[in-house]
Amino acid sequence: MPSSAPQPEQLQLFSDGRTPNSAHPVLVYRALPLGTEDLASRFERLFASHLWPAQWRAGFYDYHHYHSTAHEVLGIARGSARLLLGGEKGVEIDVCAGDALVLPAGTGHCQLAASPDLLVVGGYPVEQVYDEVRPDERTHDAAVARIAKVTIPVMDPLAGSQGALVSLWRHRPARSVA
1 MPSSAPQPEQ
11 LQLFSDGRTP
21 NSAHPVLVYR
31 ALPLGTEDLA
41 SRFERLFASH
51 LWPAQWRAGF
61 YDYHHYHSTA
71 HEVLGIARGS
81 ARLLLGGEKG
91 VEIDVCAGDA
101 LVLPAGTGHC
111 QLAASPDLLV
121 VGGYPVEQVY
131 DEVRPDERTH
141 DAAVARIAKV
151 TIPVMDPLAG
161 SQGALVSLWR
171 HRPARSVA
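The numbers in the UniProt record's numbering rise by one with no breaks, and the one at position 137 of the sequence shown is 137.
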């Protein structure tokens, strides 16, 4: 990614007793300077070059869930969507082709609406295997314990070792979400 890459928006989300979320902010990169042709392949190469290999191409799930064993990067390769981040009482955001989200482990996410042509590329840091957890107060505390063990990546999936993730996530003290 060029050094002129935009700085990401930061969304700080908190536990609602069902969805843990994270002490680390969600990073929302807007209108990345990747060109307009074959964004899916460009996202895949970019993620892989920063040790976050892409593992799928699809859309977003239309139900609330989070990952308690891995962080996630989502590149919007085509179309647009309205998402709800942070659980049922979270924050709505709109994303479109060229945008990317970096979700720390525990971040709730759900698609509210999408264009018919939506295509998303999803990836995870090397050596992290994602799970899928539905928000629930009965499993919340066990998920928080798993999330606490997820290591912080050495690189931002979009900007490498100089990216916002490195400075924001590594220099932010952990907080209790339970």
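Virtual Cβ for every residue (Gly too), placed ideally from N, Cα, C.
Best match in the options for proximity to residue i [C-alpha to C-alpha]
i	options	result
P6	A100, P25, S49, A58	A100
A105	L51, I152, G90, G35	I152
R45	R170, P135, P157	P157
G75	L51, R42, H64, L85	R42
A77	A40, V129, H50, D16	A40
G17	A142, A148, S80	A142
V129	I147, A113, V120	I147
A145	L85, S167, L84, H67	H67
A81	S15, H71, C110	C110
Proximity below 8 Å, CB of residue i to CB of residue j
i	j	result
Q55	G98	no
L164	P8	The question names Leu, but residue 164 is Ala in the sequence shown. Their beta carbons are under 8 Å apart, which means A164 touches P8 by this criterion.
T69	D136	no
L118	G86	no
H71	R134	no
Local conformation of residue i per DSSP, three classes
i	result
I147	helix
G160	strand
V129	coil
S176	Unreliable positioning characterises S176 in this predicted model, as indicated by a pLDDT of 39, which lies under 50. The coordinate reading is nonetheless provided below. In this structure, S176 counts as coil in the three-state DSSP scheme.
R138	coil
S4	Confidence is the limiting factor: at S4 the pLDDT is only 47, short of 50, which leaves the residue's position unreliable, though a coordinate-based value still follows. S4: coil per DSSP, three-state reduction.
Please specify which runs of the beta strand (DSSP E), each continuous and at least 3 residues long, are wholly inside the stretch 6-58, giving them in chain order.
-> 9-11, 26-29, 54-58
Between the stretch 45-59 and the stretch 10-24, do at least 3 Cβ pairs fall closer than 8 Å?
-> no
Does the stretch 29-36 come within contact of the stretch 79-91, defined as at least 3 CB pairs closer than 8 Å?
-> no
Which runs of the beta strand (DSSP E) fall wholly inside the UniProt domain "Cupin type-1" (65-121) and span at least 3 residues, in chain order?
-> 72-78, 80-85, 91-96, 100-103, 109-114
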